[in-house]
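In the working numbering, the protein residues as written are 1 to 146. We put the beta carbon where it would ideally sit given N, CA and C, even for glycine. Data first, discussion second: the structure below is written as structure tokens.
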Amino acid sequence: MAGTIPLISSGVAGPAGVLHLPRLWSKVLLGATGNLEEGYDQCGMGYDQMVLDGLGLDRDATVAYLTENIPSYPEFEAWVIAQSGGSLDSNAVAELNAAIEGYNHADDVREAILGAAGIDDDGTILDAVNLNNLDDWTEFHAQLTG
1 MAGTIPLISS GVAGPAGVLH LPRLWSKVLL GATGNLEEGY DQCGMGYDQM VLDGLGLDRD
61 ATVAYLTENI PSYPEFEAWV IAQSGGSLDS NAVAELNAAI EGYNHADDVR EAILGAAGID
121 DDGTILDAVN LNNLDDWTEF HAQLTG
């Protein structure tokens with residue numbers, strides 16, 4: 001059986017307002033339960049690490065919490081907030097969100113994603129959030145249609 005392609009966008013935030021945190025949660029849980037599609041990092045060095053760093057979370061402790069407890073998303077957000085002493089620094093969250101929204105992939109990555117999706121690279125889609133969405137959706141469609 002094929003694994004699950006994580007379709008929660010990096011552009012999605014939960015109630016705490018942190019972009020990508022729901023996707024990080026979903027990927028680690030999918031990996032912990034043996035359900036993450038091959039080729040996807042359970043906790044990668046891109047947006048995943050940006051979120052961990054931006055919130056001051058220890059990578060190993062966060063992955064351990066998620067894999068050992070398989071929490072619901074609200075439980076995970078509550079844990080994240082508890083790690084920050086009971087509240088998140090709104091300036092740090094705003095800075096992190098701006099970094100996520102402002103990140104652009106390298107030209108070769110953009111070209112590969114757009115090419116696989118059948119979209120001409122006319123320079124209008126530059127941001128990594130939308131490119132990653134297209135990549136996930138292309139993989140999802142390919143998985144369904146064989």
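Under the three-state reduction of DSSP, residue 16 is assigned to coil, being neither helix nor strand. Here residue 60 is exposed. Its C-beta has fewer than 16 other C-beta atoms within 10 Å. With the rule of 3 Cβ pairs closer than 8 Å, the segment 71 to 82 does not count as touching the segment 109 to 120.
Shown here, residue 127 sits in a strand according to DSSP, grouped into three states.
Within the segment 43 to 103, no beta strand (DSSP E) run of at least 3 residues lies entirely inside it. The beta-bridge partner set that DSSP reports for residue 36 consists of 4. Within the same chain, and ignoring the five residues on either side of residue 76 in sequence, the residues whose Cβ sits closer than 6 Å to its Cβ are 25.
The beta carbons of residue 87 and residue 81 sit closer together than 8 Å. Of the residues assessed, residue 94 falls on the exposed side of the cut-off, its CB having fewer than 16 other CB atoms within 10 angstroms.
With a beta-carbon spacing of about 7 Å, residue 21 and residue 13 fall inside the 8 Å limit used to define contacts. When rounded, the separation of the alpha-carbon atoms in residue 136 and residue 30 is 15 Å. For residue 115, the enclosing alpha helix (DSSP H) has its first and last residue at 107 to 117. Going by C-alpha positions, residue 48 is about 10 Å away from residue 27.
Judged by DSSP in its simplified three-state form, residue 136 adopts helix.
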